[in-house]
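Each number in my numbering comes from the position in the sequence shown (counting from 1) with 6 added on.
C-beta: ideal position from N, C-alpha, C; glycine also.
First up is the structure itself, then whatever we jot down about it.
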Amino acid sequence: MFVGTWNVGGKSPHHGLNLSDWLRSPAPADIYVLGFQEIVPLNAGNVLGAEDNGPAAQWLSLIRQALNSNPSDLELAQRYDIATEARTPSSPQLEHQASVKPRISFSDLLSMEDEIGKEDFVTLLNSNSSLYEEGLANPTCLSDNPRQQRFCLAASKQMVGLFLCVWVRADLYQHISNLKVSCVGRGIMGYLGNKGSISISMTLHQTTFCFVCTHLTSGEKEGDEIRRNSDVAEILKRTKFSHSLRGFKEPPPPQTIFDHDKIIWLGDLNYRLAAGCADTYELLKKNDWQTLLEKDQLRLEQRAGRVFKGWEEGRIYFAPTYKYLTDSDDYVVQTSKSKEKRRNPAWCDRILWKGEGLKQMWYSRGESRFSDHRPVYSLFSVQVNLAKNPNYNARSCPPTLSGKSALTSACVAKVQAEELLLIPRVQSCLNTTSRF
């Protein structure tokens, strides 16, 4: 399983952007879990207004090009139009909500954050903005003959600048069930979606997975790490996957993050370095990553038991992923003369996991200069419990894969599909509420 995360700095991808550096894998992957942050600028219109799905469609197109042989641009446009029409809300009320413009400015909301209570703030949001929906993410192949492609897009979901998509190998596609999505906003007043999480829950054969893509509170002032810890706690508390229990055999599908067998947490966690700028700059010149990592806030907070207790992260042998000058290999701290812009380099972009049967094989970063962050990726070997159905046919899989199985490239098939889950943004993010 390949897991990747990238903060793209509010920039839409250009047509020629090559994702092969980020998506390269030391071994063939069967599942791709790809999370993005800031696929749109985090301005007032995008935070409070109707969601801009255009960049998400562009990223899906580029990912598909990197994973599969590509249909023509015309075919892609036709598929996107079909998906958009299929997901357009039929209710006049929802259609109206999607087009409503906020009646209060973003700056006004910021100024009110410290002046009004949470109950009044929620009421204000209800009357002034369209929000987000906890989504159902059913896998759908739009192609008439999906087995002409290698990968299927099992699910995708956007919340403001956050975007998470899961691609699976073709012959695994039919064995995925119970796909659900849950969003948690952690922006202004702890509810808006400029910060927060998207979580996708799914079952592969008899094994449950949860993928949590997050963008946590920014800032490198003392005490900002406590706010990030709070974000993690609230995301764990408020993420809920609603399932109808009708028709389900025991055990029921997972309803919380910790109910899953295997959990991957990825994203821009925004933890910085607990070090002075001068000290950091000297270590940076020496490429002394291990000494810098001793001051990494995430590791310090985790060792103290204040966040991600019981979660695991691989050894980091790569340089800090933030903050770079755009289209440059230089960190801002190395070039800027302005104190306001001298952000200390940090490993903001991380991948953690929890659960048995997950073995990390690779943890690295890409070198794309597209944004002020470098993309990060990891490769996992994953054990799954195969279906107990006596009529189950493992197709071309080796006969030894009858109980617990590591996903390997031995079961390859040629299928792809893509789906845009263009779900209207409504109230659910207000309601949705380790080993070290």
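One or two residues paired with residue i in a DSSP bridge
| i | result |
| --- | --- |
| Y5 | Here the chain covers residues 7 to 442 and nothing more, so residue 5 does not appear. |
| R371 | V382 |
| K360 | I269 |
| W173 | Y38 and L159 |
| T220 | S203 and G273 |
For residue i, the three-state DSSP class (helix, strand or coil)
| i | result |
| --- | --- |
| I206 | strand |
| Q43 | strand |
| C435 | Any answer about C435 is weak, because its pLDDT of 35 lies below 50 and its placement is not dependable; what the coordinates show is given next. Correct three-state label for C435: helix. |
| F442 | With a pLDDT of 46 at F442, under the threshold of 50, the modelled position of this residue cannot be trusted, and the question is left open. |
| W353 | coil |
| M165 | strand |
| N24 | coil |
| F215 | strand |
| F8 | strand |
| S248 | coil |
| Q366 | strand |
| L279 | strand |
| D302 | strand |
| G16 | coil |
| L289 | helix |
| S105 | Residue confidence for S105 is low, a pLDDT of 35 falling below 50, so the modelled location carries little weight; the figure read from the coordinates is stated next. Note: S105 maps to helix in three-state DSSP. |
| Q308 | helix |
| G225 | coil |
| I5 | Outside the displayed span of the chain (7 to 442) sits residue 5, for which this structure offers no information. |
| S111 | Annotation note: pLDDT 44 at S111 (below 50); position unreliable, coordinate value reported separately. DSSP places S111 in coil when its eight states are reduced to three. |
| F376 | coil |
| I322 | coil |
N-terminal and C-terminal residue of the beta strand (DSSP E) that residue i is part of
| i | result |
| --- | --- |
| G273 | K268 to D274 |
| V187 | I182 to G191 |
| W317 | Note, W317: premise wrong, no beta strand (DSSP E); not H, not E. |
| T297 | Careful: T297 lies outside any beta strand (DSSP E), inside the alpha helix (DSSP H) at W295 to L299. |
Proximity to residue i [Cα-Cα], best of the options
| i | options | result |
| --- | --- | --- |
| L40 | E300, Q164 and V238 | Q164 |
| L68 | P257, L210, K243 and N24 | N24 |
| R156 | P34, N200 and L170 | P34 |
| Q3 | L48, R30 and S188 | In this structure the chain extends from 7 to 442, so residue 3 is not present and cannot be described. |
| L306 | Y277, P32, T332 and R192 | Y277 |
| D265 | E57, T214 and Q71 | T214 |
| H181 | R321, D333 and T209 | T209 |
| R375 | W65, K329 and E319 | K329 |
| Y337 | L299, T297, T286 and L364 | T286 |
| N304 | P257, F324, W353 and K291 | It should be pointed out that residue 304 corresponds to Leu in this sequence rather than to Asn. With distances taken between Cα atoms, L304 lies closest to W353. |
| N13 | P47, H21 and H20 | P47 |
| E240 | R192, T223, D230 and W271 | R192 |
| S183 | A160, R70 and Y197 | A160 |
| G225 | P351, W65, N74 and D294 | P351 |
| D333 | T11, V238 and G15 | G15 |
| K360 | R312, N293 and L272 | L272 |
| W173 | V238, F314 and L29 | L29 |
| K201 | F217, K186 and R234 | R234 |
| W295 | A325, W317, L279 and R321 | A325 |
| G199 | R371, N49 and S384 | N49 |
| A63 | F217, H20 and V388 | H20 |
| R312 | L298, R380, I232 and L299 | I232 |
| T245 | L299, P259 and V190 | V190 |
| R321 | K291, T341, V339 and R371 | R371 |
| L290 | S207, V339 and D177 | V339 |
Limits of the unbroken alpha helix (DSSP H) element including residue i
| i | result |
| --- | --- |
| L54 | A50 to L54 |
| L178 | A176 to Y179 |
| V238 | D230 to R244 |
| P61 | G60 to L73 |
Expected contact under 8 Å - CB spacing of residue i and residue j to nearest Å
| i | j | result |
| --- | --- | --- |
| Q43 | D378 | That pair is no contact at about 12 Å. |
| C219 | S236 | That pair is no contact at about 18 Å. |
| E167 | H249 | In the sequence on display, residue 167 carries Gly and not Glu. Contact flag wrong, Cβ pair sits at about 28 Å. |
| I357 | V9 | 5 Å |
| I270 | I263 | Actually they are not in contact, since the Cβ atoms of I270 and I263 sit about 10 Å apart, beyond 8 Å. |
| I45 | F169 | 5 Å |
| P61 | W368 | Wrong, their Cβ atoms sit about 28 Å apart, outside the cutoff. |
| Q3 | L392 | The question about residue 3 has no answer, for the chain in this structure spans 7 to 442. |
| T327 | D302 | Not quite, the Cβ-Cβ distance comes to about 12 Å (not below 8 Å), so this is no contact. |
Residue i beta carbon near the ligand MN (any heavy atom closer than 7 Å)
| i | result |
| --- | --- |
| F42 | Of ligands this structure carries none, so the ligand MN is not represented either. |
Chain D within 8 Å of residue i, Cβ atoms only
| i | result |
| --- | --- |
| V172 | No chain D appears in the structure shown, which is made up of a single protein chain. |
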